[in-house]
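Novice: First the structure, which I've put down as structure tokens, then a few questions once you've had a look.
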Amino acid sequence: MSDGTPGVFPSIMTATFADETTQPFWDAAAEDRLVAPRCSGCGTFHLPPVPICFACRGTQTEWVELPGTGSVYSFTVVRHPLSPDLSSSVPYATGIIELDGTQGAGARMIANIIDCDVEAIDIGDRVEIVFEHLDEISVPRFRPASS
Ligand SMILES: [Zn+2]
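Now the structure itself:
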């Protein structure tokens with residue numbers, strides 16, 4: 759996957775950085791694992807991480823490995839490139855993925871949905887995570903689940 763691949767969110771738009779609150783996520787991503795922070799006090803997931811639990815005001819967090827599968831909660835199809843040099847990437851789909859293993863606690867991720875016909879994506883579709891390993895970051899994306 760690289761810039762200019764139809765259906766793939768351009769890597770130029772994935773520039774980000776890790777800090778002490780997000781480093782565990784990126785370390786796991788480099789190993790093709792999905793982890794999410796969970797409040798040690800009440801079990802609520804916080805994705806992205808937050809310093810204080812919005813449910814119980816706890817400040818202790820534990821990182822939990824998730825299966826990397828989920829369902830499409832919502833999505834949009836981007837048809838207009840943000841700049842002319844990204845015209846070969848459209849159309850691509852960006853979805854909100856409800857993650858398995860979070861007990862319906864609202865742990866959802868926004869990510870590119872790849873390896874599919876964007877016109878055929880539907881709410882509730884089963885997907886699985888796949889990481890694109892770039893020089894300094896591993897970008898999480900989702901594709902239709904294999905099973
Ligand atoms: Zn809590």
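Residues are numbered in our numbering as their position in the sequence shown, beginning at 1, plus a constant of 758. Yeah, the Cβ is synthetic: ideal placement off N, Cα and C, and Gly gets one too.
Consult DSSP for Ser904 and reduce its assignment to one of helix, strand or coil.
Specialist: Of the three classes helix, strand and coil, the one that applies to Ser904 here is coil, per DSSP.
Novice: Applying the criterion that 16 or more other CB atoms from any shown protein chain within 10 Å of the CB defines a buried residue, is Phe775 buried or exposed?
Specialist: Classification for Phe775: exposed.
Novice: Take the Cβ of His804 as the centre, count every other Cβ of all protein chains shown within 10 Å, and call the residue buried at 16 or more, exposed below.
Specialist: Buried: at least 16 other Cβ atoms inside 10 Å.
Novice: Cβ atoms of Arg899 and Ser829: under 7 Å apart, would you say?
Specialist: No, Cβ-Cβ distance for Ser829 and Arg899 is not below 7 Å.
Novice: Below 8 Å on the Cβ atoms is my guess for Leu857 versus Ala794; work out the distance and round it to an integer in Å.
Specialist: With a Cβ gap of about 7 Å, Leu857 and Ala794 count as contacting.
Novice: Restricting to Cα atoms, I'd like to know which of Glu894, Gly882, Leu892 and His891 is closest to Asp903.
Specialist: The sequence shown places Ala at residue 903, not Asp. That would be Gly882, whose Cα lies nearest to the Cα of Ala903.
Novice: Between which residues of its own chain and Arg901 is the CB-CB distance below 6 Å, once the five residues before and five after are set aside?
Specialist: Closer than 6 Å at the Cβ level, and outside the excluded window around Arg901, lie Ile872, Asp873 and Val888.
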